[in-house]
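Novice:
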Amino acid sequence: MQRIRVLVVDDHRIFAESLAAALAAEQDVDVAAAGSGPAALRSLERAASEGRRFDVMLVDADLGAAVAPLAAVPMRPQVPRDGAADGAPVDGISLVTSVRTTHPMVRAVVLAEKDDPRRAAAALQAGAGGWVAKDCSLSRLLAVIRGVLRDETHLPPALLTGVLRELTAARKHRTESERLVESLTPREREVLRCMVAGLGRKAVAERLFLSPHTVRTHMQNVLGKLGVHSTLAAVALARRAGVGPVELEPPPSSSPAAQPVPTASVSVP
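In case it helps, our numbering puts the sequence shown at residues -5 to 263.
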């Protein structure tokens, strides 16, 4: 029998213990629990390094709201009480985004106390395969777990219309943002990527071998063409359009011996 390895991520101890115990009673399910985002990431890394990766992650939509985060438990349903050093809280949807990037084979299902079309749509955009009420039946949850492993998407019927509306609106905003970014010249797009990376005018000038005055002009043109009035707004629009930051080189070492030897290689942005 092929077993399904499930990681429950929830910082509400009673719920986490109850859910982990219920899942552990299934013959084809192995379960572990983590009480915070950092603990979950450590569990995923450890399992992957041991060749025993998780198949599905069940994550609390409101992760991080509890006072005391819990530590990860290796493959048993009990959740310990000594995980206060797990680091800063990480909300559930952000965790899904991180896990889908670092562990793309792990399917994610978000568990929520109430239906919220906007957050459910955000969860799907982050890479979750389902949004399930915390008070759903065990049989329903198991059906969702097995469904996402078949690349199915599961939503409560009452949420479907609202989620589709949110996704359509998000796509409309993205399309408009892409159109605005396409109106920029190649140099202006390069300046925009520097802005997304958080570089100031002087740093952009040094990177692009331009004068600060020229960079200032490019930045003003970028803001004007995007129809925004601040760098933060330009960066937000660029993110919606899928524009990423320029790659920043690490600072050179102060030790002469550690300086890299110049080569004839070509760096492709």
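Beta carbons: idealized from backbone N, C-alpha and C, even for Gly.
(1) Taking a contact to mean a Cβ-Cβ separation below 9 Å, would you say Val175 touches Arg181 in this structure?
(2) Whole angstroms are fine: how far does the CA of Leu118 sit from the CA of Pro239?
(3) Out of Leu35, Thr162 and Glu107, which has the shortest C-alpha to C-alpha gap to Ser88?
(4) Compare the Cα-Cα distances from Arg201 to each of Gln214, Gly236, Gly221 and Glu241 and report the closest residue.
(5) My guess is that Asp264 and Pro150 are in contact by the Cβ rule of under 8 Å, so how many angstroms apart are they, rounded?
(6) Could you tell me if Gly271 is buried or exposed, where buried requires 16 or more neighbouring beta carbons within 10 angstroms of its beta carbon?
(7) Does the Cβ of Gln130 have 16 or more other Cβ atoms within 10 Å, making it buried, or fewer, making it exposed?
(8) Rounding to the nearest angstrom, what Cα-Cα distance links Asp49 and Glu11 in this structure?
(9) Pick helix, strand or coil for His6, following the three-state DSSP scheme.
(10) Kindly indicate the opening and closing residues of the alpha helix (DSSP H) around Val352.
(11) To the nearest angstrom, how far is it from the Cα of Val90 to the Cα of Ala197?
(12) Need the endpoints of the alpha helix (DSSP H) that Leu217 sits in, please.
(13) Buried or exposed, going by whether 16 or more other CB atoms sit within 10 Å of the CB of Pro98?
(14) Measuring straight from C-alpha to C-alpha, what distance separates Met213 and Leu204?
Specialist: On the basis of the data shown:
(1) Reading the sequence shown from its first residue, position 181 is the one you call residue 175. Reading the sequence shown from its first residue, position 187 is the one you call residue 181. No, these two residues do not count as a Cβ contact at 9 Å.
(2) What you label residue 239 is simply residue 245 of the sequence shown in a count that begins at 1. What you label residue 118 is simply residue 124 of the sequence shown in a count that begins at 1. Near 24 Å, if we compare the C-alpha coordinates of Leu118 and Pro239.
(3) Position 94 of the sequence shown holds residue 88. Of the candidates Leu35, Thr162 and Glu107, the one whose C-alpha sits nearest the C-alpha of Ser88 is Leu35.
(4) Residue mapping note: residue 201 aligns to position 207 of the sequence shown, counting from 1. The option with the nearest alpha carbon to Arg201 is Glu241.
(5) An answer regarding residue 264 cannot be provided, because it is not within the stretch -5 to 263 covered by the chain.
(6) Summary: the structure shown does not reach residue 271, with the chain confined to residues -5 through 263, and so no result is reported for it.
(7) The residue you call residue 130 lines up with position 136 of the sequence shown. Residue 130 is actually Cys in this sequence, not Gln. Classification for Cys130: exposed.
(8) Translated into positions along the sequence shown, residue 49 becomes position 55. Translated into positions along the sequence shown, residue 11 becomes position 17. Straight-line Cα distance between these residues: approximately 19 Å.
(9) In the sequence shown, counting from the first residue as 1, residue 6 sits at position 12. Coil.
(10) Shown here, the chain extends from -5 to 263; a query on residue 352 therefore has no answer.
(11) In the sequence shown, the residue the question calls residue 90 occupies position 96. In the sequence shown, the residue the question calls residue 197 occupies position 203. Approximately 33 Å between the Cα atoms of the pair.
(12) For the purposes of this step, residue 217 is identified with residue 223 of the sequence shown, where counting begins at 1. Note, Leu217: alpha helix (DSSP H), Pro206 to Leu220.
(13) Working through the sequence shown from its first residue, we reach residue 98 at position 104. Its Cβ having fewer than 16 others within 10 Å, Pro98 is exposed.
(14) For the purposes of this step, residue 213 is identified with residue 219 of the sequence shown, where counting begins at 1. For the purposes of this step, residue 204 is identified with residue 210 of the sequence shown, where counting begins at 1. Each residue's Cα considered, the two are about 12 Å apart.
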